[in-house]
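>
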Amino acid sequence: MSGYNFAYLDEQTKRMIRRAILKAVAIPGHQVPFGAREMPLPYGWGTGGIQVTAAILGQDDVLKVIDQGADDTTNAVSIRRFFARTAGVATTTRTTKATVIQTRHRIPETPLRADQILVYQVPLPEPLAKLEPSRAETRQMHALAEYGLMHVKLYEDIARFGHIAISYDYPVMVNGRYLMSPSPIPAFDTPKMHRMPALQLFGAGREKRIYAVPPFTSVRPLDFDDHPFRLIRAPHPCALCGARDSYLDEVLTDDRGGRMFVCSDTDYCASRRDIAEAAGEAA
Amino acid sequence: MAYVAVKGGERAIDAAHDWLARERRGDPAIPALGIRQVEEQLGRAVDRVMAEGSCHDTGLAALAIKQAQGDLIEAAFLLRAYRTTLPRFASSLPVETAAMVIRRRISAIYKDLPGGQVLGPTYDYTHRLLDFSLAAERLDETEMRPPARPTDTGRRAMPRVMDLLDREGLMGAEQPGDAAPADLTREPLSFPAGRDVRLQALARGDEGFLLALGYSTQRGYGNTHPFVGEIRVGAVAVEIVPPELGFAIEIGRIDLTECEMVNQFGGSKTEPAQFTRGYGLCFGHAERKAMGMALVDRSMRASEFGEDVTAPAQDIEFVLSHSDNIEATGFVEHLKLPHYVDFQSELETIRRMRRTAGEDAAPEGEAP
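For the protein sequence lines, the chains are U and Z, in the order given. Each number in the working numbering comes from the position in the first sequence (counting from 1) with 48 added on. Each number in the working numbering comes from the position in the second sequence (counting from 1) with 72 added on.
1. Distance cutoff 9 Å, beta carbons only. Does residue 274 (chain Z) sit that close to anything in chain U?
2. In the stretch 250-279 of chain Z, which residues sit with their C-beta less than 8 Å from some C-beta in chain U, listed in chain order?
3. Taking the C-alpha atoms as reference points, what is the distance between residue 68 (chain U) and residue 401 (chain Z)?
4. Output needed for residue 237 (chain Z): all residues of its chain with C-beta closer than 6 Å, excluding positions within five of it in sequence on either side, in chain order.
5. Which residues of chain U have a Cβ atom closer than 9 Å to the Cβ of residue 418 (chain Z), listed in chain order?
6. Out of U:177, U:138, U:123, state which residue places its alpha-carbon closest to the alpha-carbon of residue 83 (chain Z).
7. Along the stretch 251-278 of chain U, what residues have a CB closer than 7 Å to any CB found in chain Z?
8. Contact criterion: CB-CB distance below 9 Å. Does residue 226 (chain U) meet it with respect to chain Z?
9. With respect to the beta strand (DSSP E) encompassing residue 333 (chain Z), which residues constitute its N-terminal and C-terminal limits?
10. Going by alpha carbons, who is nearest to residue 267 (chain U) out of U:228, U:117, U:184, U:91?
11. Report the option in U:63, U:60, U:95, U:54 whose CA atom is closest to the CA atom of residue 46 (chain U).
12. Could you have a look at residue 308 (chain U) and say whether DSSP puts it in helix, strand or coil?
13. Nearest CA to the CA of residue 421 (chain Z): which residue from U:136, U:165, U:216, U:61?
14. Below 8 Å on the Cβ atoms is my contact criterion, and I expect residue 368 (chain Z) with residue 285 (chain Z) to pass it. Report the Cβ-Cβ distance as a whole number of Å.
15. Kindly list the residues whose CB is nearer than 7 Å to the CB of residue 283 (chain Z), restricted to its own chain and excluding five residues on each side of it in sequence; keep chain order.
16. Compute the Euclidean distance between the alpha carbons of residue 282 (chain U) and residue 295 (chain U), then round it to the nearest angstrom.
17. Buried or exposed for residue 236 (chain U), going by 16 or more other Cβ atoms inside 10 Å?
18. Closer than 9 Å, CB to CB, is residue 55 (chain U) near chain Z or not?
19. Between residue 233 (chain U) and chain Z, is the shortest Cβ-Cβ distance under 9 Å, so that the two count as touching?
20. Going by the CB atoms, is the gap between residue 304 (chain Z) and residue 169 (chain Z) shorter than 9 Å?
21. If you measure from the beta carbon of residue 320 (chain U) to each beta carbon in chain Z, is any gap under 9 Å?
22. Between which two residues does the alpha helix (DSSP H) containing residue 317 (chain U) stretch?
23. Taking the DSSP output, what are the residues bridged to residue 347 (chain Z)?
24. Do residue 117 (chain Z) and residue 125 (chain Z) have their CB atoms nearer than 9 Å?
25. What is the rounded straight-line gap between the Cα of residue 430 (chain Z) and the Cα of residue 140 (chain U)?
26. Output the boundary residues of the beta strand (DSSP E) element that contains residue 308 (chain Z).
27. Roughly how many angstroms lie between the CA atoms of residue 189 (chain U) and residue 195 (chain U), to the nearest whole one?
28. Between which two residues does the alpha helix (DSSP H) containing residue 69 (chain U) stretch?
29. Using a C-beta to C-beta distance shorter than 7 Å, which residues of chain U count as neighbours of residue 425 (chain Z)?
30. Determine which residues of the stretch 100-128 of chain U have a Cβ less than 8 Å from any Cβ of chain Z, and write them out in chain order.
31. Suppose you measure from the CA of residue 234 (chain U) to the CA of residue 323 (chain Z); what does that come to, to the nearest Å?
32. For the beta strand (DSSP E) that residue 228 (chain U) lies in, which residues bound it at each end?
33. If you measure between the beta carbons of residue 150 (chain Z) and residue 140 (chain Z), is that distance less than 9 Å?
34. What is the DSSP secondary structure of residue 173 (chain U), counted as helix, strand or coil?
35. Could you compute how far the alpha carbon of residue 314 (chain U) sits from the alpha carbon of residue 270 (chain Z)?
36. Pairs of beta-carbons, one from the stretch 240-254 of chain Z and one from the stretch 342-356 of chain Z, closer than 8 Å: are there three or more?
Right, here's the structure in full:
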């Protein structure tokens, strides 16, 4: 696009963001403040992820953007178009073909490789925010690794409900040191972060924070020995591809209680159906 | 009904943009609004967009207002997103508001003072009656009238009221700082935030937010006993020192509204009783905003003067984290984006909780 630099941001700003990313990689799970810029998309709509992607994107990269696991949700379309327009990079919907994947609220079902980078859009990077609103306070709690408050919250859940009642944005310990928000991914996705071969970067534009999980780093959901972390998933197979291992969206089909469950990861679902179709034809 | 995978987001977006463009234009039989018309006749809207968009350019602000169908927060967002791409070629010297070319200047604490009271163009004493003559699509009466403005007002010497109080030693001394002021458009906000950062955040802050917070201090949530020491509105020169010249040159003029509130301070063991200052400054003619800002600025100085921090307006982190309407509107409105993944896991969790509750409630011996 004429009048703008490659991937929208000027090189000075990109350098500033890359420095923040490097620091974040060096201290896994630690939130690094950065001078987030106003983007032509609204705060809360992925400006942090967009800035991180803009800073790491090269001309040969292949970009995939998902929202709720799907490539065709309107905001994913809008962000993908933004980079197609400002950087002219190739885009894809195939998880395996992408070098950079920007995501909101999901981790793809297909395991990621070491030559891929996963960029998360983060609304509230502070995992302690719901327990302590002051960022001056939470910063100190992180510095002292003082996470008792969160353990108490989990304990109270168990005392009240018999189990931990956090279903998304499940707090995790990174590298055994920092408590981190995995962004509002479902708790179902949390285990995929553990020792993932791909670099995981997190951008929070409005809150002006970047953090990272380097490849093959330990990411453990907080839990107790007698109340271990449990996956939450609708107990059904996908109605389209039959998968029993994928995260499902619940879709209402009528106003009389009719519903069906389908893969939230559209690429995973389509690939499985393609394979099944090919096998059917071959048979 | 069969399930149809949601496709065609791309086509939907294009169609929505197209619809929006037609709606923005309105009835094509009505002449399109000119940018110059907005600039000249909707000046207060232009001023608000410049202040909250933190970019002084009446033409661009007017364009943003037209493009946003008069949605001023949307317009400020357009201006912000544009300003962030502009290169910075210099930092200006501090502007001298004592040398302002005055259009309006009032003080509520002195009946008369050097330079006098200048009422200027104000709605303050208008009767709020709809003027149906403006609805008639012919030349306004006002267009015929000769200008009412006395020609010498702007040139008269008008020392700042605060400086007069200062001379008597009644005004708490401000800490002069040599360091370059912080810039939260380049460096992220961190706490505790200095007064320079606070004032910058308030100057870009939402008018409604500052109005409400300032109002809350008057109603007892952190009272500061304020008086309007002075409000002045007018044009000031902006100067820079280009490194190749080594001396200051004027690069233009901007319109500003400045408000200085005088607030009580009872004194302490070490300091005598004196007045303290709340400061408001913003682009254009925006007295409501400047006054709200001055009230909130003084409230946030509570701990500086050894006052208890109990009210929202005194809580620096609370005020600064929520004053920016571009951030606020983005995050509030992002709730429109799909959240069905998270909602689905909430559904599963709540179903499980209800099952467990049902088991607990079931009488002993019965199958759950």
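A virtual CB, placed ideally from N, CA and C, is assigned to each residue, including glycine. All values derive from a computational prediction rather than experimental measurement.
Let's see:
1. no
2. 257, 258, 259, 260, 261, 262, 263, 264
3. 26 Å
4. 243
5. 215, 216
6. U:123
7. 254, 256
8. no
9. 321-337
10. U:228
11. It is not possible to answer for residue 46 (chain U), since the shown part of chain U is limited to 49 through 331.
12. strand
13. U:216
14. 5 Å
15. 360, 364
16. 8 Å
17. buried
18. no
19. yes
20. yes
21. no
22. 314-330
23. Z:243, Z:336
24. no
25. 47 Å
26. 298-312
27. 7 Å
28. 59-74
29. 209, 213
30. 115, 116, 117, 118, 120, 121, 122, 123, 124, 125, 126
31. 54 Å
32. 226-228
33. yes
34. coil
35. 46 Å
36. yes
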